[in-house]
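The structure under discussion appears below in the form of structure tokens.
Number of protein chains: 2
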Amino acid sequence: MVTIYDIARLSGVSKSTVSRVISNHPYVSTETKSKVIKVMQEYNYVPNSLAKQFRQKKSKCIAILIPDLNHPYFSQLVKYISADCYKSGYKTVVHQTFLNKEIEREVYTQLREYEYDALILTSSTLSEEEIAENTRNKIIVACNEDYRGDYFDVFCLNEEEVTMKATSHLISKGITKLGFCSDNISSPLQKARLKGFILAHAKKGLKHNKSLLFNEISSIEDGIMLGNSLFKDNLKIEGIIAGSDFVAAGLIRSAVSNNIQIPQHCSIVGFDNHPISLVTNPQISTISNHIPDMSNDLVNHIVNKINGVKQPPIKKVYKGEFINRNSS
Amino acid sequence: MVTIYDIARLSGVSKSTVSRVISNHPYVSTETKSKVIKVMQEYNYVPNSLAKQFRQKKSKCIAILIPDLNHPYFSQLVKYISADCYKSGYKTVVHQTFLNKEIEREVYTQLREYEYDALILTSSTLSEEEIAENTRNKIIVACNEDYRGDYFDVFCLNEEEVTMKATSHLISKGITKLGFCSDNISSPLQKARLKGFILAHAKKGLKHNKSLLFNEISSIEDGIMLGNSLFKDNLKIEGIIAGSDFVAAGLIRSAVSNNIQIPQHCSIVGFDNHPISLVTNPQISTISNHIPDMSNDLVNHIVNKINGVKQPPIKKVYKGEFINRNSS
DNA sequence: ATGAAAGCGCTAACAG
DNA sequence: CTGTTAGCGCTTTCAT
Chain A
1 MVTIYDIARL
11 SGVSKSTVSR
21 VISNHPYVST
31 ETKSKVIKVM
41 QEYNYVPNSL
51 AKQFRQKKSK
61 CIAILIPDLN
71 HPYFSQLVKY
81 ISADCYKSGY
91 KTVVHQTFLN
101 KEIEREVYTQ
111 LREYEYDALI
121 LTSSTLSEEE
131 IAENTRNKII
141 VACNEDYRGD
151 YFDVFCLNEE
161 EVTMKATSHL
171 ISKGITKLGF
181 CSDNISSPLQ
191 KARLKGFILA
201 HAKKGLKHNK
211 SLLFNEISSI
221 EDGIMLGNSL
231 FKDNLKIEGI
241 IAGSDFVAAG
251 LIRSAVSNNI
261 QIPQHCSIVG
271 FDNHPISLVT
281 NPQISTISNH
291 IPDMSNDLVN
301 HIVNKINGVK
311 QPPIKKVYKG
321 EFINRNSS
Chain B
1 MVTIYDIARL
11 SGVSKSTVSR
21 VISNHPYVST
31 ETKSKVIKVM
41 QEYNYVPNSL
51 AKQFRQKKSK
61 CIAILIPDLN
71 HPYFSQLVKY
81 ISADCYKSGY
91 KTVVHQTFLN
101 KEIEREVYTQ
111 LREYEYDALI
121 LTSSTLSEEE
131 IAENTRNKII
141 VACNEDYRGD
151 YFDVFCLNEE
161 EVTMKATSHL
171 ISKGITKLGF
181 CSDNISSPLQ
191 KARLKGFILA
201 HAKKGLKHNK
211 SLLFNEISSI
221 EDGIMLGNSL
231 FKDNLKIEGI
241 IAGSDFVAAG
251 LIRSAVSNNI
261 QIPQHCSIVG
271 FDNHPISLVT
281 NPQISTISNH
291 IPDMSNDLVN
301 HIVNKINGVK
311 QPPIKKVYKG
321 EFINRNSS
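For the record, the sequence lines run as chains A and B. Residues in the first sequence are numbered consecutively from 1, following UniProt numbering. Residues in the second sequence are numbered consecutively from 1, following UniProt numbering.
Structure (structure tokens):
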């Protein structure tokens, strides 16, 4: 391996000068610079970034914590975050937890061990306190997880409010047997949605039906299976807040197989305004998110923090909108 | 920052001993070990992995090159690869190229600069030679890109053969005006598919219709737009190999809007056997892949290579199957 | 504008 | 089983 020292020797300058050439430092004469560059090319020199990272105590790398990449919402989220980080000169390591607390804790350990300059949390099964405990003094930002924001920055959607709006819409159509699907109800985001769902009932003096709360429903297949149990014999349900457009698509598929008319017999609302909501029949009423904006703001913020800008934790809330299509 | 030296001093042993404790080296007495551990906890010591990586010249990190994460095929692929790498003790950095050659080359530079122990290529806009040129001596494996495998290992599907099968199926139904969609025709994978498409024609003494080759078609929206142009006035087409189930779903949506019956007026075949192929009406005929197996084999292989197992480039081909549903 | 020198935190021979 | 020693390749004062 040819090192900075070899290049220095070979071009008759000192290591410092070579280092200055590599990092484009201004204090180096044009002649020396071109001489050094020539030698570097001749000997096929490549700087060792591991040494640089070690020396500077900066990995130029940000970790992203998600449950599972093969999920339209998370893959979209990571797409934007990762691309924005790249633009700011940071690589991203994607960690899938599959909702396993141990894996999640290991990532916090790596963060403490200086492997990452910061961590972006998009979902967690731990409490805000436990996360703070595991990551003290480290830079950590939550993206669309509805934490209070006492210990770290939070960028999120108004999940509670917009779920309430969608639920109220269904209630105002006279629907009472109303169901709610969540992916992982222990996450703050999903709890916020449920809160909105319950609140919409409360506003009309109604109580939600606890037997129509379904957890761990996240994919098309889950939607189909849930639909089959719901639609089979007699209709146990008149409306469903589906948690994602994919679940909604599965429910609609199941309804078709079971001769249930959507929305006449049962209204369905998805989440995320994914293009899949356009290809089902009927098209899916859904809730839009603000992933590109959120990602952009979040990455700017986190880079500032890495560069030493100090400020108390902030919480920024984006407004999702209910989009009324044909499934409700 | 408390270092290994501090812990050594504080617990009355040498740095080496502390190092041995950290890495669970056997040659250290139980008493010394517990004494050192106690001091480490007391002083909240965390090892600096940047130093370790530098010292060992190993980043314990593998880069994955993909065009775009927000794509059901790639997000599934990365899900498995990333999880398998994690199990083997490697982190993964996901690099989206968005088909930009410059970004791709920068990743090769990082690879040369020791930022990654290896690189997994799932798609590239460069030739096998140029890639080899950019990454000489480095460990690099192609995953489902149909390179020849002269310079690096290749794990891929029998894209050509299975596309030929699906195309032959359509031709045997008497369809002649047959279209083909690709995402990025410069990639070897897509070229292989096209070759299969053409071959199926040739076998029946037919010529494929060049005006029915559509490139840069990859999403639901693309499928809808293409369908709208194809189905609008008079039917210019009787069958389409759609390139992905998402494109197929978009085409079906467009067909519904334009009063075209699938498959009576036009047959459609997708790719990947994604669950979306179950929720459209009709359900989509498609081609299965072998992502979990491929990922598992590939990661085992790459880890062996990192650990110094030498062997000439291998090429392993998996068999995808044509699944005949209701859209064809 | 350039060089000398110190050192980042850790591992790994080697010696005992 | 434990300690000594010698760096890994680079950046960064501090001189000059």
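Just so you know, even glycine gets a beta-carbon here, dropped at the ideal spot from N, CA and C. Model, not experiment: these values are computed from the prediction.
With a threshold of 8 Å between beta carbons, T122(A) makes no contact with chain B. Going by C-alpha positions, E106(B) is about 42 Å away from S285(A). When Cβ pairs closer than 8 Å are counted between the two stretches, the stretch 245-258 of chain B is seen to touch the stretch 275-289 of chain B, the count reaching three or more. The Cβ-Cβ distance between G239(B) and L194(B) does not fall below 8 Å.
At the C-beta level, I237(B) and K177(B) come within 8 Å of one another. When C-alpha distances from Y43(B) are compared across T17(B), R136(B) and R9(B), the shortest belongs to R9(B).
Put simply, of N209(A), K232(A), L206(A) and Q190(A) the residue whose alpha carbon is nearest the alpha carbon of E216(A) is Q190(A). In summary, the residues of the stretch 221-236 of chain B whose CB is separated from some CB of chain A by less than 9 Å are E221, G223 and I224, in the order they occur in the chain. At a cut-off of 8 Å between beta carbons, L170(A) makes no contact with chain B. Listed along chain B is no residue with a C-beta nearer than 7 Å to that of N289(A); the closest approach is about 13 Å. Per the C-alpha coordinates, the member of V247(A), E115(A), F214(A) and S327(A) positioned closest to Q264(A) is S327(A).
The residue among K210(A), K87(A), M40(A) and C156(A) with its C-alpha nearest the C-alpha of V2(A) is M40(A). Between L235(B) and I260(B), the CB-CB gap stays under 8 Å. As the crow flies, the alpha-carbon of L212(A) is around 43 Å from that of K319(B).
At a beta-carbon threshold of 9 Å, the residues of chain B lying near K57(A) are M1, N48 and L50, ordered along the chain.
The beta-carbon separation of I198(B) and H208(B), rounded to 5 Å, stays under the 8 Å limit for a contact. DSSP links K319(B) through a beta bridge to no other residue. Only those residues of the stretch 267-281 of chain B whose C-beta falls short of 7 Å from the nearest C-beta of chain A are listed: P275, I276, L278, V279, T280 and N281. Taking a Cβ-Cβ threshold of 7 Å, the residues of chain A close to L69(B) are S75, V78, K79 and S82, in chain order.
Within the stretch 111-149 of chain A, the complete alpha helix (DSSP H) runs of at least 4 residues fall at 128-134. With a 10 Å radius around the Cβ and a threshold of 16 neighbouring Cβ atoms, G174(A) comes out exposed. Between L119(B) and K138(B), the C-beta spacing is below 8 Å. With a contact defined as Cβ atoms closer than 8 Å, T109(A) and I64(A) miss out at about 16 Å. For L69(B), there is no enclosing alpha helix (DSSP H), as DSSP marks it with neither H nor E.
DSSP places D183(A) outside both helix and strand once states are collapsed to three, so it counts as coil. If you ignore the 5 residues before and after C61(B), its C-beta comes within less than 8 Å of the C-beta of Y90, K91, T92, V93, E115, Y116 and D117, all in its own chain and listed in chain order. In this structure, the beta-carbon distance from G196(A) to E160(A) falls below 8 Å.
Nearest C-alpha to M294(B) among C143(B), I37(B), H71(B) and T17(B): C143(B). Beta bridge pairing from DSSP links H95(B) with L65(B). If you compare the alpha carbons of F214(A), M164(A), H201(A) and Y73(A) with that of A192(A), the shortest gap goes to M164(A). Rounded to the nearest whole angstrom, the CA to CA distance from I291(A) to N300(A) is 14 Å.
With respect to the 8 Å criterion, S172(A) and V303(A) are not classified as neighbours on the basis of their beta carbons. Taking a C-beta cut-off of 8 Å against chain A, the contacting residues of the stretch 85-101 of chain B are Y86, K91, T92, V93, V94, H95, Q96 and F98, listed in chain order.
With respect to chain A, the C-beta atom of E115(B) has a partner C-beta closer than 8 Å. Look at C266(B) here: in three-state DSSP terms it is coil, with no helix or strand label. Against chain B, a Cβ distance below 8 Å from V256(A) picks out N281.
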